[in-house]
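Okay, structure first, notes after.
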Amino acid sequence: MLQVVQFQKTGEMLVEELPAPTCRNGGVLVRTVNTLISAGTERSSVASAQSSMLERARSQPEAVKQIIENVKKDGIFATYERVKSKLESYKTLGYSAAGIVLESRCEEFSPGDRVACAGAQFANHAEIISVPKKPHQKNPRKRILC
């Protein structure tokens, strides 16, 4: 399955072959037909990750404060390792998608249903996504997940 990811250290965008997710209890597995790339949130996230460390520090003073607090609490080595680990990681992008249900583990949806999906941890730019049902959905015919 193909998915868009971003390397946090450089901001490089990649399309990677990754294992397909499994269907979670109370949710659905969706074959993505369309995703939305946000001109605001996602664009600024990508731009931030592609900027230098100094530019990131200037644009994110709260993150700098948190790092200083972590140094005081956990020490410089532990904080350095945590920051390094985050920078060496990949971030999934996307939070709005539409597609067709492949598998369902909830009563409201069946394979073949067309659905709209939202949520930064769920509706990623990927061929297949695993999405929980939105809690307390008033109109189950709306087919909105997450």
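Here my numbering is used: the first residue of the sequence shown is 5, the next is one more, and so on.
Every residue gets a Cβ at the ideal spot worked out from N, C-alpha and C, and that includes glycine.
- Exclusion of the five residues before and after Gly103 leaves Val34, Arg35, Thr36, Val37 as the residues of its chain whose Cβ lies within less than 6 Å of its Cβ.
- With a beta-carbon spacing of about 7 Å, Cys110 and Val32 fall inside the 8 Å limit used to define contacts.
- In the structure shown, the three-state DSSP call for Gln70 is helix.
- Apart from the 5 residues on each side of it in sequence, Pro25 sits with its Cβ closer than 6 Å to the Cβ of Ser134 in its chain, given in chain order.
- For Ala24, there is no enclosing alpha helix (DSSP H), as DSSP marks it with neither H nor E.
- DSSP assignment within the stretch 64-108 yields the following whole beta strand (DSSP E) runs of 3 residues or more, N-terminal first: 94-96, 100-108.
- If you look at Thr45, you'll find it in the alpha helix (DSSP H) that goes 45-53.
- In this structure, Met5 and Ile132 form a Cβ contact; the two beta carbons are roughly 5 Å apart against a cut-off of 8 Å.
- Excluding five sequence positions before and after Ala53, the CB atoms of its chain that fall closer than 7 Å to its own CB belong to Gln10, Gln12, Gly15, given in chain order.
- Contact between the stretch 43-52 and the stretch 113-121 is not established, with fewer than three Cβ pairs separated by less than 8 Å.
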